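Going down the list, the sequences are from chains A, B and C.
Under our numbering, the first residue of the first sequence is numbered 110, with each subsequent residue one higher.
Under our numbering, the first residue of the second sequence is numbered 5, with each subsequent residue one higher.
Under our numbering, the first residue of the third sequence is numbered 10, with each subsequent residue one higher.
First comes the structure, then the notes that go with it.
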Amino acid sequence: MAEAFRTCPTTGLKVHLPAENLIKANAVAAVVFLAIGGFFGLLVALTRWPAVHLLPADWFYLALTAHGLDVLLVWIIFFEMAVLYFASAVLLNCRLATPRVAWAGFVLMLAGAIIVNVAVLQGQSTVMFTSYVPMKAAPHFYLGMLLFAVGALLGCFVFFGTLVVAREERTYRGSIPLVTFGALTAAIIAVFTIASGAIILIPTFLWSLGIIQHIDTMVYKTVWWAMGHSSQQINVAAHVAVWYAIAAMVLGAKPISEKVSRLAFLFYILFLQLASAHHMLVEPGVSSEWKIFNTSYAMYLAVLGSMIHGMTVPGSIEAAQRRRGLTNGIFEWLRKAPWGNPAFSGMFMSLVMFGFIGGISGVVMGTEQINLIMHNTLYVPGHFHGTVVAGTTLAFMAITYLVIPLIFRRELVMPRVAKWQPYVFGLGVAGISLFMMGAGTLGVARRHWDITFAGAMLPYDYPGAAFLMMGLNGLSAVLATIGGIMYVVVVVGSVFFGRRVEGPVELGPPAPRGVAGGSDLPAAEVVGQYGSAGTLKIPGTVALVGVFFVCFVLYYFVNWKYLSEIWPLR
Amino acid sequence: MAITPPSNLLWWREPVARTELVWIIIAFAWGLVMFFMMIYWHGAGEQNLSNEAYRISAERFTEKTNEMIESHEVRKEGNFPVVRPPPGSDVYLIARLWHWWPILELEKGQSYRLHLSSLDWQHGFSLQPTNINVQVHPGYELVMTVEPDRAGEYAVVCNEFCGIGHHLMVGKIYVTE
Amino acid sequence: MPESEGKPPVEGDGRVPFMQRLLDNPFLLLFLGILVPTVFYLLWGIMEIVQIPVAP
């Protein structure tokens, strides 16, 4: 068995080579589908830019279907498989359980993703990501989805299996690391997600073959969203785990409190998936009791989880930085953070934008009554570009800059491009989110080819500001695309042409003087112990979460005000 | 470190820093505020869905709509009948590929029981510019009591993707003084 | 999973707190994480949908 491992010169971790190969394969597949899905996204945004209006209607709806599937599902879940294998086998110093099953899962996912893309491009499956019945796609569309889901499920089983192996072979002492616990959270949500998907997609597949006559639209929608929304909750758990991982690897940050951070993940495990009800708030015939309980994640306990992470991640960074001697004022720790390191800058922007843009808008939109003024408007994609793109995608991009030297063992090519990439992409995505949310507030429909309604039997004009928003959205999408291309170029270039790394890599700023070190984790271990209950001082983080809280409360009540201005209805 | 097992084996026994504890309490309290706000609005607010709904066939819903059109049609606009139902009555609006049928004329300040259903696929009832958005399912009839509070011409935009003519699907509701 | 299995010896009074044992048990968490949304979201929701009455 010994030859199946190498020892990482940077972290001292034992890396199981089959696990490393699986991480590489899944990460590469992820980036390929990000490029494909991102390309479709650009086409969509350029079509919705009124002055450009690029594609004809049928191609627009086709591109939108492909965009949703490739980035919302395929890119994200392939990358998450890489995260699961990393967080289990690598962080636990353990062999990966049944690499063959993991490869089978990979092949199934790849085959499923290709089949779905082919089905969509053939033109008979322009049904959007959601494929609401009774709109029917070609049978192999559903079949591809099922294969992909089964593959991902195998990946989750391998993750759980690896946890068992690590425990039995005692490759670690005590409890699993926090990052692994976050990955466990993601894997648990994934199992529920995939099971729900199978429950609804198997009958839908049979229906598309003509074997089943009828699928109830309300039941379909309820169960479908147990998959559709929960799949995005996998992302939340996974990217929070990635935040902790980057903070630890780059700055040696240690969680302020293991207990609190794990409890926050427990809130995710128990309650995050209830938010599938966000899509059911204006449907016929479900009670307000069901809506309120589920949409609020059981009294906002999962939001509490996110708000806790929103403090503990920057808090742990601040504590680590102060430990390094950056103690002047409230914000020296932040000013002098490694902003030129794309892993750190991407991670921190992901954290801020996920909270301020994606998080706040999601809670507001998921309020039972406020959903009336937002359901199916562009506000919805505005929100989830704030969570899934600014949050998850940016976080995954950021950790790629650590995966390349540590797992692929290559130096980054074009480090200057890499340095600017998170900023370009982040700015573009922030624009996409905010301008779509703006247009949605003005009532503009999502998934809509032509907001001028040219050729409609009855005319309507959206407010002029909506057209401005759509133009700015198009510009932002171009910027984000440039950021996306920079990412793909750096990743592909580094993986194939980067100089081989021998020996340890410097992941973060060097250890400060005068702080006790002596460790197998050079840049990190110097942090040592801090955060004992009485002495923790993180004024900068307190200021940041204070600003966040004020924004949250104001924006929440502003939307109640908007709601109170529409027609009374009951 | 977050990527290594907790150094303290009994990490659950570690005390929680005060800063963290205060934030947890604030965040939890805020969650309660948001939770009870939804319940409060059901009593105090004017915008709540009644969640009244029925199963209905496309034929039956068409029948009911046609009855309303026959009794209360006031004029035609192109092919579309314009219907002015009496205040307080049941008003039917059909969603189908790719129009809303018929055109409604309502009176400001009066309430109407608006029934929505689709004859084919799912559609989205998006009333503009007031911005009320409700999902319309085939086989289900959603009932909501609306009270137009401003006179004018309103558009019903379809905001659920319903095939290649989706962006042409616009209906109309007049609200008169 | 019995808590003694695979657990390293612990300093002090040796009792691992209940919550820590819960958080260290991935399969119990998996069970709970599937149970809660299945009951509150899926089953409750579908029960309400099948109870929607037929139009008068």
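Backbone N, C-alpha and C define an ideal beta-carbon position, used for all residues, glycine too.
Model, not experiment: these values are computed from the prediction.
In this structure the segment 518 to 530 of chain A touches the segment 583 to 602 of chain A; the number of beta carbon pairs closer than 8 Å is three or more. Taking residue 660 of chain A as the centre and dropping the five residues before and after it, the same chain places the C-beta of 465 and 469 closer than 7 Å to its C-beta, in chain order. Under a criterion of Cβ atoms nearer than 7 Å, no residue of chain A is adjacent to residue 123 of chain B; the nearest Cβ is some 11 Å distant. One alpha carbon belongs to residue 403 of chain A, the other to residue 121 of chain B, and they sit about 25 Å apart. Pairing residue 493 of chain A with residue 151 of chain A, the inter-Cα distance amounts to about 16 Å.
The C-beta distance from residue 411 of chain A to residue 380 of chain A rounds to 4 Å, short enough to fall under 8 Å. Taking a beta-carbon distance threshold of 9 Å, residue 58 of chain B counts as an interface residue toward chain C. Residue 478 of chain A counts as buried, since at least 16 other C-beta atoms from the protein chains shown sit within 10 angstroms of its C-beta. Counting only runs of 3 or more residues that sit fully inside the segment 319 to 375 of chain A, no beta strand (DSSP E) segment turns up.
For the C-beta of residue 85 of chain B, not a single chain A residue is nearer than 8 Å; the gap to the nearest is close to 13 Å. Residues of the segment 35 to 52 of chain C with a C-beta atom less than 8 Å from some C-beta of chain A are 35, 36, 38, 39, 41, 42, 43, 45, 46, 47, 49, 50 and 51, listed in chain order. The criterion of a C-beta distance shorter than 9 Å is not satisfied by residue 164 of chain A and residue 175 of chain A. Chain C places no beta carbon closer than 9 Å to that of residue 100 of chain B, leaving this residue out of the contacts. Around the CB of residue 189 of chain A, 16 or more other CB atoms lie within 10 Å, so the residue is classed as buried. At a cut-off of 9 Å between C-beta atoms, residue 63 of chain C does not count as an interface residue with respect to chain A. Contact annotation for residue 47 of chain B against chain A: no contact, minimum CB-CB distance about 11 Å [criterion: below 9 Å]. In terms of Cα proximity to residue 19 of chain B, the closest of A/369, A/247, A/335 and A/134 is A/369.
Annotation: Cβ neighbours of residue 327 of chain A in chain C (cutoff 7 Å, chain order): 58. Straight across, the Cα-Cα distance linking residue 475 of chain A with residue 134 of chain B is about 20 Å.
Secondary structure at residue 435 of chain A: coil, using DSSP grouped into helix, strand and coil. By the CB criterion at 9 Å, residue 47 of chain C and residue 301 of chain A fall inside the cutoff. Closer than 8 Å at the C-beta level to chain C, one finds these residues of the segment 141 to 175 of chain B: 144 and 145. Taking a cut-off of 8 Å for Cβ pairs, the segment 375 to 389 of chain A and the segment 10 to 29 of chain B do not touch, as fewer than three such pairs fall below it. Put simply, the CB of residue 135 of chain A is far from chain B, with every gap to its CB atoms at 9 Å or more. Beta bridge pairing from DSSP links residue 121 of chain B with B/98. Against residue 297 of chain A, the close residues of chain C are 38, 39 and 42, in the order they occur along the chain (beta-carbon pairs closer than 7 Å). Residue-level contact by beta carbon fails for residue 180 of chain B and chain A, as no gap is shorter than 9 Å. Shown here, residue 159 of chain B sits in a strand according to DSSP, grouped into three states.
Check the Cα spacing between residue 486 of chain A and each of A/653, A/518, A/557 and A/450: the tightest is with A/557. The beta carbons of residue 538 of chain A and residue 471 of chain A sit no closer together than 9 Å. Residue burial annotation: residue 606 of chain A is exposed, with fewer than 16 other C-beta atoms found within 10 angstroms of its C-beta. Look at the segment 536 to 612 of chain A and you find these whole runs of alpha helix (DSSP H), each 4 residues long or longer: 573 to 606.
Taking C-beta separations shorter than 6 Å and ignoring five residues to either side along the sequence, the partners of residue 115 of chain A in its chain run 124, following chain order. For residue 165 of chain B, no beta strand (DSSP E) encloses it, and the DSSP letter there is neither H nor E.
Setting aside the 5 residues that flank it on each side, residue 147 of chain A is surrounded in the same chain by 593, each with a C-beta closer than 6 Å to its C-beta; the list follows chain order. Residue 140 of chain A and residue 221 of chain A have their C-alpha atoms some 16 Å from each other.
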